[in-house]
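K.L.:
Per the numbering used here, the sequence shown starts with residue 1057, numbered consecutively.
Where a beta carbon is used, it is the ideal one built from N, C-alpha and C, also for glycine.
Predicted model only: the values in this text are computed from it and were never measured.
First the structure, which I've put down as structure tokens, then a few questions once you've had a look.
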Amino acid sequence: MAFYRIKQFIWGFTSLFKDIDYEYISKFLNDDEIKVFNKLKHNDKHHCIRVCKDSIKMRKELNIDVDVYKLGKAALLHDVGKSIRPLSLIEKSMVVLLDKTTKGKIKKYDNIKQIDIYYNHPKIGQEILKKFNYDKEFLQVVRYHHNKNKIEDNDILNIISACDDKN
């Protein structure tokens, strides 16, 4: 787990120097969705692209019958709730470390904006995306992508949750 956190920090830092692949993104998102996606911080955009690519790869490797277009769209938009109160790389690292060392006990301090957005960005993201009239399954992906309990009958959520954890 510690190795993944170090890798995520390095990815977050190096992503600052990489361009966003809008050609890839436009395969899944329309212009309005790209506007929402663009409100994310640069490193969060790269994170979502990695989650998208890994999700599509996992779908193919495990031969899971889900709509690749919907999977890609959900993967790219799963963290849009972070756009309301973007965390710097240092803030995010500190909250992640505190979360892990306290085994989630810092959640009760959600009056602190950094902690609030860390824990509540899925719910915020779901609210942001409701205006696009996505179906229940799609909105579940955004709302529950950090939920450790698998939701039956939502393969897209389970794929994105797994890929999000490793990215």
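Identify every run of the alpha helix (DSSP H) within the segment 1080–1106, keeping only runs that are complete inside it and at least 4 residues long; order them along the chain.
P.N.:
1087–1093
K.L.:
How would you label isoleucine 1146, buried or exposed, when you count the other beta carbons within 10 angstroms and need 16 or more for buried?
P.N.:
exposed
K.L.:
Ignoring anything shorter than 4 residues or poking outside the segment 1097–1163, list the alpha helix (DSSP H) runs there in chain order.
P.N.:
1098–1117, 1124–1133 and 1145–1157
K.L.:
Only counting the same chain, and skipping five residues up and downstream in sequence, which positions put a Cβ closer than 7 Å to that of leucine 1085?
P.N.:
Phe1093, Lys1129 and Leu1132
K.L.:
DSSP three-state call for histidine 1201: helix, strand or coil?
P.N.:
coil
K.L.:
Can the beta-carbon of leucine 1195 be found less than 8 Å from the beta-carbon of aspartate 1135?
P.N.:
no
K.L.:
Please identify the residue among Tyr1175, Asp1123 and Tyr1190 whose C-alpha is closest to the C-alpha of leucine 1143.
P.N.:
Tyr1175
K.L.:
Quick one: what does DSSP say isoleucine 1171 is sitting in, helix, strand or coil?
P.N.:
helix
K.L.:
Count the other CB atoms, across all protein chains shown, that sit within 10 Å of the CB of aspartate 1220; report buried if there are 16 or more and exposed otherwise.
P.N.:
buried
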